[in-house]
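In this note's numbering, the protein residues as written are 244 to 401.
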Amino acid sequence: MDLHLRQAARALILDPDDHVLLVRFVFPSAMWWALPGGGLDVDETPEAGLRRELHEELGLDDFELGPHIWTREQVIPMITGHDGQVDRIHLVRTTRFEPAPTIGWPALRAERVHEIRWWTVDEIARTTDARFAPQRLDRLIADLLVHGPPAEPIDTGL
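Next up, the structure:
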């Protein structure tokens with residue numbers, strides 16, 4: 244049986260001090276911090292979808308879209324009817340900014356996003372009372388900061 248996976252685009256957004264911007268998803272049975280972005284519309288390219296998502300979720304419009312650095316696939320039943328999701332993750336370097344969702348907080352909460360904040364890699368590594376997606380986000384970012392973007396996208400695992 245073939246899986247029906249939703250295609251999505253996300254961004255690893257880093258400021259000049261290498262802080263990363265994450266969104267907090269809250270579901271009835273779980274909560275985790277993840278990279279901003281989301282599902283692609285029909286016939287939308289990953290790049291166009293990511294620009295749309297970052298505009299809606301963060302109010303971020305003026306940025307250079309960096310390379311496709313990571314890929315993440317998860318198989319889990321979704322309310323959209325999909326069997327899971329494939330995330331295509333791009334690097335975005337930008338000046339630090341205060342997120343201002345253009346779709347508004349009620350719409351973000353309907354999508355289960357309840358908070359947006361900047362983190363240091365050390366904060367992510369030291370945090371024991373929160374989950375992150377991908378699970379090894381701190382190590383992936385640390386590796387990227389030391390070695391630069393990979394020649395080919397890396398599978399992040401869950």
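For each residue, glycine too, the CB sits at the ideal point set by N, CA and C. Just so we're clear, the structure is a prediction, and the values are computed from it rather than from any experiment.
Is L246 buried or exposed, if buried means 16 or more other CB atoms sit within 10 Å of its CB?
Taking the sequence shown and counting its residues from 1, one reaches residue 246 at position 3. So L246 counts as exposed.
Mind checking E290: buried by the 16 CB within 10 Å criterion, or exposed?
The sequence position of residue 290 within the sequence shown is 47, counting from 1. So E290 counts as exposed.
Collapsed DSSP secondary structure at A273 in the structure displayed
Stepping through the sequence shown from its first residue, residue 273 is reached at position 30. A273 falls in the strand class under three-state DSSP.
Excluding the 5 residues preceding and the 5 following P342 in the sequence, name in chain order all residues of the same chain whose CB lies nearer than 8 Å to its CB.
For this step, residue 342 is matched to residue 99 along the sequence shown. Hits under 8 Å: L264, E300, L301, G302, L303, I359.
For a test of your reading of the model: does the CB of A273 fall under 6 Å from any non-hydrogen atom of the ligand SAM? Yes or no.
For the structure depicted, the ligand SAM is absent and the ligand set is empty, with no information on it obtainable.
If you measure between the beta carbons of D258 and R374, is that distance less than 7 Å?
Within the sequence shown, the letter at position 15 stands for residue 258. Within the sequence shown, the letter at position 131 stands for residue 374. Not closer than 7 Å, so no.
Would you tell me roughly how many angstroms separate the C-alpha atoms of G281 and Q250, rounded to the nearest one?
By 1-based counting over the sequence shown, the position of residue 281 is 38. By 1-based counting over the sequence shown, the position of residue 250 is 7. Taking the straight line joining both Cα atoms gives about 8 Å.
So if DSSP puts Q378 in a beta bridge, which residue, or which two residues, is it bridged to?
Indexing the sequence shown from 1 puts residue 378 at position 135. Partner(s): none; Q378 has no beta bridge.
Can you check which of these residues, G309, T363, P349, T314, is closest to T337 by C-alpha distance?
In the sequence shown, counting from the first residue as 1, residue 337 sits at position 94. Ranking the options by Cα distance to T337, first place goes to G309.
Check the C-beta distance from L293 over to H262 and give it rounded, since I have them as a contact under 8 Å.
Position 50 of the sequence shown, counting from 1, holds the residue named residue 293. Position 19 of the sequence shown, counting from 1, holds the residue named residue 262. Not confirmed; about 20 Å, so no contact.
Complete alpha helix (DSSP H) runs within the region 319–365 (minimum length 4 residues, chain order)
348–353
Pull up the DSSP beta-bridge partners for V263, would you.
Counted from its first residue, the sequence shown places residue 263 at position 20. According to DSSP, V263 bridges with L257, W362.
Using the Cβ count rule (16 or more neighbours within 10 Å means buried), how would you classify E307?
Residue 307 sits at position 64 when you count from the first residue of the sequence shown. By the 10 Å Cβ count, E307 comes out exposed.
When DSSP labels each residue in this structure, what does E395 get in the three-state scheme?
Within the sequence shown, numbered from 1, the residue matching residue 395 stands at position 152. Residue state, collapsed to three classes: coil.
Would you list, in sequence order, the uninterrupted alpha helix (DSSP H) runs of no fewer than 4 residues that lie entirely inside the region 270–313?
289–301
Span separating the alpha-carbon of H298 from that of T345
Here residue 298 corresponds to residue number 55 of the sequence shown, with the count starting at 1. Here residue 345 corresponds to residue number 102 of the sequence shown, with the count starting at 1. Cα-Cα distance, rounded: 7 Å.
Under 8 Å by Cβ, that's how I've got R379 and F268 pegged, so tell me the actual separation to the nearest angstrom.
Counting from one through the sequence shown, the residue named residue 379 turns up at place 136. Counting from one through the sequence shown, the residue named residue 268 turns up at place 25. The pair is not a contact, with the Cβ atoms about 18 Å apart (cut-off 8 Å).
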